[in-house]
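Here is the structure we will look at.
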Amino acid sequence: MVSESCGNPSVETEAIMSRRPKYDKSKFCIKCKLNSGAIIVRHAVYCKECFPALLSSKVKRILEPQINPNPELSRKKSLKASGNLLVGFSGGLGSTVLLDLISRIYLSHRTEIKKEEGVNKSRGGKDHPRNEPVWKMVSVCYVEVASGFPGMTDKTQKIHQLLQENYESLEFIPIRLENAFDLSWWNKVGGKAALDANTDLTSDELFVSTALNSPNSDSVQKLRSYISALPTHTAIESAIHTLIRILLLYTARSTQSSHLLLGTSLTSISIKLISSISQGGGFSVREEAQEEWNPDSKGAVRLIRPLQEITLKECSMWAWWNDLLVVGQEKYLRDKDGIEALTKEFIIGLERDYPSTVSTIARTCAKLTPKVDAAGLCILCERPLQPGVQEWKSQISMRATKEPSPPSHSSDPSSVLHSLTSYLCYSCHTTLSSRSSKGVSRNSANTSLPLPVWASTHMQGLLVDVPITDMQPNLKEADEEIWLTHKVNPDEMKVAIGEFLLE
Amino acid sequence: MPPKTCALCENAKAILKRPKTGQQICKDCFFHVFETEVHNTITQANLFARGDRVAIGASGGKDSTVLAYVLKTLNERYHYGLHLFLLSIDEGITGYRDDSLETVKRNQQQYDMPLKILSYDELYGWTMDRIVSQIGKKNNCTFCGVFRRQALDRGAAVLNVDHIVTGHNADDIAETVLMNIMRGDIARLGRCTSIVTQGEDTIKRSKPFKYAYEKEIVMYAYFKKLDYFSTECIYSPDAYRGHARTFLKDLEAARPSAIVDIIHSGEAFEIREEIKATQKIQQTCKRCGYMSSNDLCKACTLLEGLERGMASSGITDRARKKLDAEGPLPENLRTIPFYQPPSGNPNPTITIES
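The listed protein sequences correspond, in order, to chains A and B. Under UniProt numbering, the residue at position 261 of the first sequence is numbered 261, and the numbers go up by one with no gaps. Under UniProt numbering, the residue at position 123 of the second sequence is numbered 123, and the numbers go up by one with no gaps.
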């Protein structure tokens with residue numbers, strides 16, 4: 001019995017994943033057609049000389065339409081951002097390559113590049129408008145996560161050294177994961193005063209208790225408490241990513257940056273997309289590629305991933321050919337149980353044998369959009385909040401056959417109980433409430449989760465019966481809209497008009 | 001370790017842990033929540049109307065056996081007022097269907113429901129065994145799936161039903177979402193989480209088990225002592241779905257809610273407007289009248305290929321061109337009978353086994 005489609009490279013099957021040959025036509029570079037190929041990028045062959053232009057054009061294609069305040073798809077005007085630039089740097093391959101490419105393409109004061117290429121980039125002199133920098137100031141931000149995981153090495157110093165040696169003109173901003181629980185950091189980046197809030201993870205309602213005059217607890221302790229209270233390994237992976245992203249965004253705002261760039265490659269985007277979809281994050285599928293962040297309308301930051309069309313393999317070759325030192329990222333979870341780690345293993349395995357799968361995933365998700373409009377923002381991850389999440393969850397699974405008894409309030413008059421659930425998106429609620437199949441939570445002794453500072457502030461803003469200094473809540477009937485009002489005193493008025501007063 | 005009490009009734013001893021929620025509950029509470037969740041799915045989606053004639057796609061496997069049992073139970077308990085039928089397809093795979101068809105016949109006796117068995121041989125003139133002997137073991141999933149879909153609709157038309165229900169469960173839907181993303185099948189991705197699908201000329205189809213975990217269906221069958229046949233199709237080789245399935249099992253082990261989380265994600269997004277405009281519009285097949293996105297539906301294309309000795313013309317572009325180059329369709333070639341959607345006549349046109 002002879003199989004008709006055996007070895008047929010152009011099989012267009014609907015059911016079978018077909019293997020295709022490594023390259024389509026010849027071993028010569030598809031661009032210049034002269035040199036012998038050195039790298040195969042999804043069946044197309046490129047030589048070492050044409051490769052830089054390939055990567056550079058991919059970066060520009062993603063980034064440039066988003067630089068000017070009004071995004072335009074094709075423009076001949078000059079590029080001028082409304083603010084500064086912050087580049088998120090993790091020490092990993094993606095961010096190392098990102099920083100290198102951004103520096104080469106946009107930061108013309110890298111004189112060593114000009115020498116290498118033998119071309120003077122700043123034609124017409126350095127003051128020519130053409131050579132005006134796109135961003136006035138460029139900073140690099142690194143988030144150290146070691147404090148959350150005892151035994152992990154702190155890499156801040158090493159990274160600082162690396163950046164000083166290679167990018168001395170860029171400002172280095174080191175921050176730490178525990179800043180998410182640090183009020184002084186929060187004040188520094190312009191956050192409003194927040195109360196200490198903790199969430200009880202024993203019930204799906206996720207009751208929050210706040211204390212007015214809480215003792216100053218160490219932010220490292222709070223971070224470790226946060227991590228140990230999370231119910232699954234998947235939850236830890238997801239929660240850490242969210243903390244890092246929000247820390248970077250607030251740092252970007254505090255440096256008056258209009259853009260935050262992250263070094264997520266095509267491979268990483270595919271992993272994040274599948275991982276996010278597997279955790280119920282379909283509503284924010286577009287935010288995985290790019291987001292416009294402006295939670296309290298104090299100035300938008302565009303989070304862009306310029307490497308999203310460049311595979312891990314291309315990043316590796318670039319780093320190798322340009323002798324880029326990659327510090328690397330230490331795994332913070334020793335075992336590989338989380339959904340993100342499983343997805344990574346699955347996708348990397350697929351990419352090896354079926355290279356077009358990775359780009360197909362990214363391309364398919366780029367064609368999707370949320371079905372309904374968002375009902376605000378999730379207070380934990382600050383992404384669009386899908387309406388009706390809890391109604392959906394309660395319809396899908398019956399968790400009780402009787403009416404639940406009302407929660408018992410604590411005797412402490414200063415602590416108030418509210419449910420966090422309705423302010424969380426599906427993924428964040430599932431992160432905090434979904435148990436693993438092992439039955440017990442990872443550390444059943446700790447079920448009290450401290451809230452990050454931004455979440456406490458958002459929560460405060462949404463609730464009115466928590467007394468906040470100087471404000472007297474004006475409570476109306478429960479089903480009417482509730483407003484916070486306070487009498488404006490002359491000193492406050494003076495602050496507002498001070499610059500116009502002549503004496 | 002002391003025996004735990006049921007988390008729901010707080011009365012009886014807990015004897016199982018629910019795969020979906022992790023709750024430790026007793027048998028009766030499990031039956032109650034499982035059945036009530038399916039009932040809620042049906043009522044919230046307004047799946048049925050009183051008097052509807054509903055065909056249950058019955059393969060003799062666990063999903064359709066439990067579906068028939070649960071639908072019968074709910075129909076009586078909540079007075080849906082439905083007329084239920086069993087509809088089974090015989091693909092002509094020796095050893096596979098023989099045993100499961102016996103189960104369906106037994107189900108017919110046990111649940112007292114009329115049964116119609118439709119075979120590929122009767123409809124297309126080809127059994128799967130004969131198809132495989134011509135094309136080999138690659139691409140047979142395409143033939144089987146396409147032929148079965150039409151067969152279910154045709155069987156339902158013969159029975160004059162308004163509605164087909166299939167036993168697709170939460171695991172199937174989650175797997176399909178992942179698979180369609182991996183394959184870039186944007187058209188299917190936009191439809192695959194819908195609980196009801198209906199075209200202009202096709203019979204309404206729905207999946208009442210959309211949110212029911214496969215493990216819970218097995219658990220239900222086990223505790224209710226329902227018998228079914230579990231068979232792996234001998235012709236299913238290395239398919240996309242297999243990869244997605246393995247991955248899904250790993251996700252479920254890491255976090256049991258992953259299955260409904262994926263379905264939730266699938267329901268949360270849709271295709272962007274500008275992409276929708278480029279999608280193919282549905283037409284009807286010029287040869288057999290079934291729904292199609294091209295001039296000829298896939299089943300007619302596949303059958304023509306089989307009849308003319310070039311089976312891969314339904315699969316590859318190159319083979320299709322070669323077939324077209326050989327000339328037009330010969331006059332006396334076997335084709336699929338013209339499809340008549342149900343006319344609304346309450347009396348079925350042919351006798352059924354009762």
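By construction, the Cβ of each residue, glycine as well, lies at the ideal position given by its N, Cα and C atoms. All values derive from a computational prediction rather than experimental measurement.
In chain B, which residues lie with their C-beta within 7 Å of the C-beta of residue i?
i	result
G388/A	Near G388/A there are no residues of chain B at all, since even the closest Cβ is about 10 Å away, more than 7 Å.
G338/A	A254
I361/A	I181 and M182
V285/A	F269
L342/A	D250, L251 and A254
W135/A	Here the premise fails: no neighbours, minimum Cβ distance about 31 Å.
So the beta strand (DSSP E) residue i belongs to, where does it begin and stop?
i	result
A7/B	No beta strand (DSSP E) holds A7/B; DSSP gives it neither H nor E.
Q290/A	Q290 to W293
S254/A	Segment H233 to S254 is the alpha helix (DSSP H) holding S254/A; no beta strand (DSSP E) there.
V59/A	Where V59/A is concerned, there is no enclosing beta strand (DSSP E), although the alpha helix (DSSP H) it sits in stretches over F51 to L63.
L177/A	It is not in any beta strand (DSSP E) - L177/A carries neither H nor E in the DSSP assignment.
K215/B	Here K215/B belongs to no beta strand (DSSP E); instead the alpha helix (DSSP H) covers E214 to K224.
C141/A	V138 to E144
A197/A	D196 to D200
Within 10 angstroms of the Cβ of residue i, are there 16 or more other Cβ atoms? Answer buried if so, exposed if not.
i	result
C29/A	buried
R383/A	buried
T153/A	exposed
P413/A	With a pLDDT of only 46 at P413/A, under the threshold of 50, the placement of this residue in the model should not be trusted; the figure read from the coordinates follows. P413/A comes out exposed.
A14/B	buried
K188/B	Sequence check: residue 188/B is Arg here, not Lys. So R188/B ends up on the exposed side.
P467/A	Caution is warranted here: a pLDDT of 41 is assigned to P467/A, below 50, making its placement in the model unreliable, and the coordinate value is therefore given only provisionally. The residue is exposed, with fewer than 16 neighbouring Cβ atoms inside 10 Å.
Y250/A	buried
E64/A	buried
K298/B	buried
W126/B	buried
D465/A	Bear in mind that the predicted position of D465/A carries a pLDDT of just 44, short of 50, making it too unreliable to give a figure here.
K476/A	Confidence at K476/A is low in this model, with a pLDDT of 38, below 50, so its placement is unreliable and no value can be given for it.
Y78/B	exposed
K305/A	Note on identity: in this sequence residue 305/A is Arg, with Lys being the wrong assignment. So R305/A ends up on the buried side.
Quick one: which chain A residues come within Cβ less than 9 Å of residue i?
i	result
E270/B	L368, T369, P370 and K371
G266/B	I277 and G282
N40/B	Q395, I396 and M398
C9/B	T401 and K402
Starting from residue i and walking both ways along the alpha helix (DSSP H), at which residues does that stretch end?
i	result
Y69/B	K62 to R77
T360/A	S356 to A366
Y124/B	Y120 to Y124
N140/B	N140 to L159
T267/A	L266 to S278
G305/B	K298 to E307
V38/B	K27 to Q44
residue 524/A	Any property of residue 524/A remains undetermined from this structure, which presents chain A solely from 1 to 503.
N432/A	It is worth fixing the name first, because residue 432/A is Leu in this sequence and not Asn. Start and end: Y426 to S433.
S456/A	V453 to L462
Which residues does DSSP list as the beta-bridge partners of residue i?
i	result
Q283/B	S292/B
S206/B	V165/B and V196/B
N11/B	The partner list for N11/B (beta bridge, DSSP) is empty, contrary to what the question assumes.
L162/A	According to DSSP, L162/A bridges with nothing at all.
H418/A	V208/A
Y46/A	I39/A
S257/A	N84/A
residue 355/B	Past the boundaries of the shown model lies residue 355/B; chain B is included only from 1 to 354, so the question cannot be answered.
G57/B	L87/B
Q24/B	K17/B
Quick one: which chain A residues come within Cβ less than 7 Å of residue i?
i	result
Q44/B	Q395
S257/B	T430 and S434
Any heavy atom of the ligand GDP closer than 7 Å to the Cβ of residue i?
i	result
S359/A	The model on display carries no ligand, and the ligand GDP is accordingly not part of it.
What residues of chain B sit near residue i, judged by a beta carbon separation below 9 Å?
i	result
residue 504/A	Residue 504/A lies beyond the residue range present for chain A, which begins at 1 and ends at 503; the question has no answer from this structure.
Who are the neighbours of residue i on chain A, taking C-beta pairs under 8 Å?
i	result
E37/B	I396, S397 and M398
T21/B	S397 and R399
Every unbroken alpha helix (DSSP H) inside the stretch 80 to 111 of chain A [4 residues or more]: 93 to 106
Entirely enclosed beta strand (DSSP E) segments - the stretch 297 to 346 of chain A, minimum 3 residues: 301 to 304
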